[in-house]
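> This note's numbering puts the last residue of the sequence shown at 196; the count rises by one with no breaks.
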Amino acid sequence: GRARPVAETKLSPDQAAARAIESAQAGRADARVTRLGWPTEKSSDWTVRLTGAKAEVKVADADGAVSVDTPKGGTDGVARVMRQIHYGTDTGPIWQTIIFLGGIAPLLLGVTGVIMWLKNRGGRRAVEAARRGR
């Protein structure tokens with residue numbers, strides 16, 4: 063199963079994110095946190111993913127030491143790309159609009175389908191009443 067988050071940490075989420083951003087500032091001045099993973103029973107490191115970074119930054123909870131964990135390819139790289147597409151991170155406003163419209167389309171189709179079904183029920187009743195009246 064999944065590793066559970068630890069109950070108490072030495073660093074706060076803000077401190078872990080700040081250390082990760084400081085380490086990434088040399089590479090990209092506008093880095094933002096896109097994912098913050100809490101320390102778990104299996105790993106006592108904070109895992110921080112930043113915009114534009116192809117690697118995760120690990121911040122040790124015990125001493126605040128920062129290390130960069132580069133993905134080894136395989137499913138990790140595919141999962142990262144799928145998350146970027148899903149969340150719209152590192153994409154422009156056009157792509158984010160496409161993602162938004164694709165997400166809201168099923169809702170709109172469902173609502174309009176229910177409305178059409180409700181309207182059609184009244185028409186069906188009129189047809190049945192006309193048949194009975196013959």
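All C-beta atoms, glycine included, are put in the ideal place defined by N, C-alpha and C. Since we're looking at a predicted model, the values are computed, not measured.
Quick check on residue 190: does DSSP put it in helix, strand or coil?
In this structure, residue 190 counts as helix in the three-state DSSP scheme.
> Using the C-alpha atoms, what's the distance from residue 79 back to residue 88?
With a pLDDT of 49 at residue 88, under the threshold of 50, the modelled position of this residue cannot be trusted, and the question is left open.
> Determine the burial state of residue 67: buried for a count of at least 16 other Cβ atoms within 10 Å of its Cβ, exposed for fewer.
exposed
> Output the distance between the C-alpha atoms of residue 163 and residue 149, rounded to the nearest integer angstrom.
13 Å
> Could you tell me the distance, in whole angstroms, from the CA atom of residue 73 to the CA atom of residue 156?
38 Å
> Measure the Cβ-Cβ separation of residue 103 and residue 65 and say whether it is below 8 Å.
yes
> Taking residue 118 as part of the beta strand (DSSP E), name the residues at either end of that continuous run.
118-122
> Starting from the C-beta of residue 94, find all residues in its chain whose C-beta is less than 7 Å away, skip the five residues before and the five after it, and write them out in chain order.
112, 113
> Would residue 131 and residue 101 qualify as a contact pair, given that the criterion is a beta-carbon distance under 8 Å?
no
> How is residue 68 classed by DSSP in three states: helix, strand or coil?
coil
> Go ahead and pull the three-state DSSP assignment for residue 99.
Three-state result, residue 99: strand.
> For residue 111, which of helix, strand or coil comes out of DSSP?
strand
> Exposed or buried, which one is residue 186 when buried takes at least 16 other CB atoms within 10 Å?
So residue 186 ends up on the exposed side.
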